[in-house]
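Protein chains in written order, with my numbering: chain A, 173 to 489; chain B, 173 to 489. No residue lacks a Cβ here, since even glycine has one placed at the ideal position from N, Cα and C. The block underneath contains the structure these notes are about, expressed in structure tokens.
There are 2 protein chains.
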Amino acid sequence: MRKDVPALVAGARNGEARSVARLISMVEDGDPRLREVAAALAPYAGRAQVVGLTGSPGVGKSTTTNELVRALRAEGHRVGVLAVDPSSPFTGGAILGDRIRMQEHTTDPGVYIRSMSSRGQLGGLAAATPQAVRVLEGAGCDVILVETVGVGQAEVEIATLADTTLVLLAPGMGDAIQAVKAGILEIADVFVVNKADRPGADATYRDIQGMLGLGERAPGDWRPQVVRATAVKGEGIGDVAAAIAKHRAWLSTGDRLRAAHERRAAVEVEAIALGTLRARLGNLHDGTGLGKLASQVAAGELDPYTAADTLVAELRP
Amino acid sequence: MRKDVPALVAGARNGEARSVARLISMVEDGDPRLREVAAALAPYAGRAQVVGLTGSPGVGKSTTTNELVRALRAEGHRVGVLAVDPSSPFTGGAILGDRIRMQEHTTDPGVYIRSMSSRGQLGGLAAATPQAVRVLEGAGCDVILVETVGVGQAEVEIATLADTTLVLLAPGMGDAIQAVKAGILEIADVFVVNKADRPGADATYRDIQGMLGLGERAPGDWRPQVVRATAVKGEGIGDVAAAIAKHRAWLSTGDRLRAAHERRAAVEVEAIALGTLRARLGNLHDGTGLGKLASQVAAGELDPYTAADTLVAELRP
């Protein structure tokens, strides 16, 4: 028997892993009942610290996440993990490989772990991830780790979605200049220099500290923390957890957390609205709309701005 | 005296570097006369082979681009280079560092090199890059290299914009599984295993070849090429240029190039249309629109889908 939305939300509230999994699947698949789910979950918004964790492929994100879950559980937190794969348009989802390492947590009822892709969801990752976060908040998680691969766009997205952004670096993966180039200096609340037992780790640590020293900060502003870890040996993870807790404490003073949540909600609402509009533009594909315009542009008969104006004009609210 | 658009376009057509630079600046800044520029450049669409070049930070993209420019010039091509920084929302543009290495080409009138960010442009990178490509096509470039950092979103974008997509890998930057994870196996027309003189290069080469062997291909489909190079020594660059030429030849048979250009134009037009719509949503920020909705969502009083519906309904075409 297929459970209806109120029953699934009640199940998630009671900590039933299957209801949580089902609701996140609905988010991921852009289920038509998503609006009903969102309405039912709305009251539980903003209850968790959302921790974004990002970095280049191979830097050790999954291992660090796994160890961090262990540390947070030891502190008594209820933990959610969303492993987000921004390349999903092509792969159709995350690869199983490094998810396997997290299996030690699968029997722990205080941990929910989920790989997710943004296929099907209006507004893509930017819309789907906050909805999945809401499911986990509804299920009582007070720390939610959102792990995402990549630099550039993906990190921009993670920074707008997370309360606290962790950026992982590793020696030999490119120096601090590369970090600046990728724009990560501006988004990180905590830097983790992982694989700290490898040659070059101290140089990476010093480079990041040096670059942070160059930035101007107003009194009371957060100073990004730089932490060394060797996640594969479990070393330094306590320091990472402590830096996360410190940022949580900083956020909790004054109006910061509310302001952060409003910013995040604005991004989320805008992403869903754009998703709706994109779907309407997409529907024009089937008619004479975009396809014909595109072939005129490709043939040099029409410029793309005029074509876009035509497309927007065809859009009826 | 500030030149008007027809004079700038005429200048670019005559190969004047300053006119080309000025037009790309207008694209980058979202200049109000952009529509006029686009209209003037429309007839020159689709004249160049657009070669996307992507890979993780530190893999050697700039060095490879630099060497590739030399090789393409030696073959008599007129070459444009766009170094695109998708992290520009934060950094406000590319870092100068590795652009400096390209200075050897600055006195060559057959080469245009430009770092660009997508600030200000409606539709972001997806809209700005094709416009800059059009400027370079107008200036007579027949090969345009678009270099972008990153995995995930950025690579997805580059693949939709380029006729030919090069993905750079390096040994020790993560294995082939990571390549699959990042979704790059599906988008690359040519793989370049750079830093081929380092340990592990043969293993990376074999891994990629092995994974390509697993994919199914219809007769006549392009089989991605895998090329070894050590760009910093100039080694293997001829092979990279040959793989690019081979892909160009493949594209030129049958209807492939026209189909690719129509796909690209559709993405471009849709991106500009979405940018227009996003700007209209953004204008609602100033009113009671998005800000109020976001604070209700953050407070748990409203779900984000209902908020998005309200926002879309406020949009007047």
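Asked, Found
"Neighbour flag for Ala189(A) against chain B, beta carbons, 8 Å", "no"
"Contact check, Gly310(A) vs Val181(A), beta carbons under 8 Å", "yes"
"The segment 355-366 of chain A contacting the segment 335-344 of chain A, beta-carbon criterion three pairs below 8 Å", "yes"
"Distance, Ala415(B) Cα to Gly382(B) Cα", "19 Å"
"Complete runs of the beta strand (DSSP E) confined to the segment 397-439 of chain B [at least 3 residues]", "397-400"
"Backbone CA spacing between Val256(A) and Ile196(A) [nearest angstrom]", "12 Å"
"Rounded separation between Gly357(A) and Gly392(A) - CA only", "The sequence given here places Leu at residue 357(A); Gly does not occur at that position. Rounded to whole angstroms, Leu357(A) to Gly392(A) spans 19 Å at the Cα level."
"Chain-ordered neighbours of Val484(A) on chain B, where CB pairs are closer than 8 Å", "Ala445, Thr448, Leu449 and Pro489"
"CB contact below 8 Å: Tyr477(A) versus chain B", "yes"
"Assigned exposure category for Leu268(A) - 16 Cβ within 10 Å defines buried", "At Leu268(A), the pLDDT of 37 sits below 50, so the modelled position is not reliable and the matter cannot be decided from this model."
"Proximity of Lys405(A) and Glu319(A) at Cβ, strictly below 8 Å", "no"
"CB contact below 8 Å: Gly426(A) versus chain B", "no"
"Touching by the beta-carbon criterion (3+ pairs, under 8 Å), the segment 396-410 of chain A and the segment 424-438 of chain A", "no"
"Cβ of Val305(B) within 8 Å of any chain E Cβ", "This model lacks chain E altogether; the protein chains it does include are A and B."
"CB contact flag (Gly183(A), Ser191(A), <8 Å)", "yes"
"Distance between beta carbons of Leu317(A) and Val412(A), contact taken as under 8 Å", "Actually they do not touch by this definition, with Cβ atoms about 11 Å apart."
"Chain B residues whose Cβ lies nearer than 7 Å to that of Val441(A)", "Leu462, Leu465, Ala466, Val469, Pro476, Ala479, Ala480 and Leu483"
"is_contact[Tyr216(A), chain B] using C-beta, thresh 8 Å", "yes"
"Per-residue DSSP class, three states only, for Ala255(B)", "strand"
"is_contact[Gly344(B), chain A] using C-beta, thresh 8 Å", "yes"
"Residue interval of the beta strand (DSSP E) (run including Leu340(A))", "Thr336 to Leu341"
"Tyr284(A) - partner residues in DSSP beta bridges", "Gly252(A)"
"Identified DSSP bridge partners for Val177(B)", "In DSSP, Val177(B) forms no bridge with anything."
"C-beta atoms of Val305(B) and Ala480(A) nearer than 8 Å", "no"
"Cutoff 8 Å: Gly182(B) Cβ touching any chain A Cβ", "Note that residue 182(B) is Ala in the sequence shown here, rather than Gly. Closer than 8 Å: no."
"Cβ neighbours of Arg370(B) in the same chain (closer than 8 Å, five flanking residues each side left out)", "Ala342, Pro343 and Gly344"
"Extent of the continuous alpha helix (DSSP H) run through Lys233(B)", "Lys233 to Ala246"
"Member of Ile285(A), Ala421(A) and Ile380(A) whose CA lies at the smallest distance from the CA of Trp394(A)", "Ala421(A)"
"Cross-strand partners of Val209(A) (DSSP beta bridge)", "Per DSSP, none; premise fails for Val209(A)."
"Ile196(A), enclosing alpha helix (DSSP H) - first and last residue", "Ala189 to Asp201"
"Short CB-CB distance (under 8 Å) between Ala360(B) and chain A", "no"
"DSSP three-state assignment for Ile359(A), whether helix, strand or coil", "coil"
"Strand pairing of Ile380(B), partner residues [DSSP]", "Note: Ile380(B) sits in no beta bridge, so no partner."
"C-beta neighbour in chain A for Arg430(B), strict 8 Å", "yes"
"Residues near Arg194(B) in its chain [Cβ-Cβ closer than 6 Å; skip 5 each side]", "Leu180"
"Gly202(B) at chain A interface by Cβ criterion, 8 Å", "no"
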